[in-house]
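One structure below.
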Amino acid sequence: MILAFSQINPKTKEPTGFVDKILTGKKIHTIRSGNRWRAGATIQMATGVRTEDYNQFNRGYPDLQMCRSTQTIQIRPAEEMNGSKIYVDGRLLNMDEAVTLAHNDGFPHLAAFWTWFNEDFDGQLVHWTDFKY
Numbered sequence: 007m008i009l010a011f012s013q014i015n016p017k018t019k020e021p022t023g024f025v026d027k028i029l030t031g032k033k034i035h036t037i038r039s040g041n042r043w044r045a046g047a048t049i050q051m052a053t054g055v056r057t058e059d060y061n062q063f064n065r066g067y068p069d070l071q072m073c074r075s076t077q078t079i080q081i082r083p084a085e086e087m088n089g090s091k092i093y094v095d096g097r098l099l100n101m102d103e104a105v106t107l108a109h110n111d112g113f114p115h116l117a118a119f120w121t122w123f124n125e126d127f128d129g130q131l132v133h134w135t136d137f138k139y
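Per this note's numbering, the sequence shown runs over residues 7 to 139.
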């Protein structure tokens with residue numbers, strides 16, 4: 007299945023760096039709406055999906071080509087960052103875990119994560135490593 011990655015943050019208009027972060031092991035999962043991903047599913051990581059600029063960038067990287075696991079995620083932003091909450095598999099993450107999740111998802115800091123996820127969100131963490139929360 008195709009996993010599309012943005013090259014530009016739609017909210018800040020800055021480069022995401024997601025491709026490089028994935029290829030260097032700094033981004034180890036992604037957050038997606040719905041629940042269609044399953045462990046064992048083939049991953050085609052790509053930019054430019056549905057355009058002539060389509061690029062599957064994980065060819066030649068076998069460790070990046072399979073979904074190893076998924077976890078449910080609920081994101082509940084608040085007006086003040088300290089009131090914002092992230093639940094993984096129904097468990098509320100503490101602040102240190104939230105910072106780790108933001109970094110592992112390719113964000114430079116938790117504030118950047120909250121800029122991207124600024125509305126209530128329910129979905130999945132799609133893992134291509136064995137890491138879990």
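By construction, the Cβ of each residue, glycine as well, lies at the ideal position given by its N, Cα and C atoms.
Note that the structure is predicted; figures quoted are calculated from it, not measured.
Inset, instruction - Return the chain-ordered list of same chain residues with a C-beta closer than 6 Å to the C-beta of S75, the five sequence neighbours on each side being excluded. - result: A45 and H133
Inset, instruction - Count the other C-beta atoms from every protein chain shown that fall within 10 angstroms of the C-beta of G31, then say buried if there are 16 or more, exposed otherwise. - result: exposed
Inset, instruction - Ignore the nearest five residues each way along the sequence and tell me which others in V105's own chain have a CB closer than 6 Å to its CB. - result: L116
Inset, instruction - With a cut-off of 8 Å on the beta carbons, I'd call T53 and V25 a contact; round off their distance for me. - result: 6 Å
Legend entry - Simplified DSSP state of G89, which is helix, strand or coil: helix
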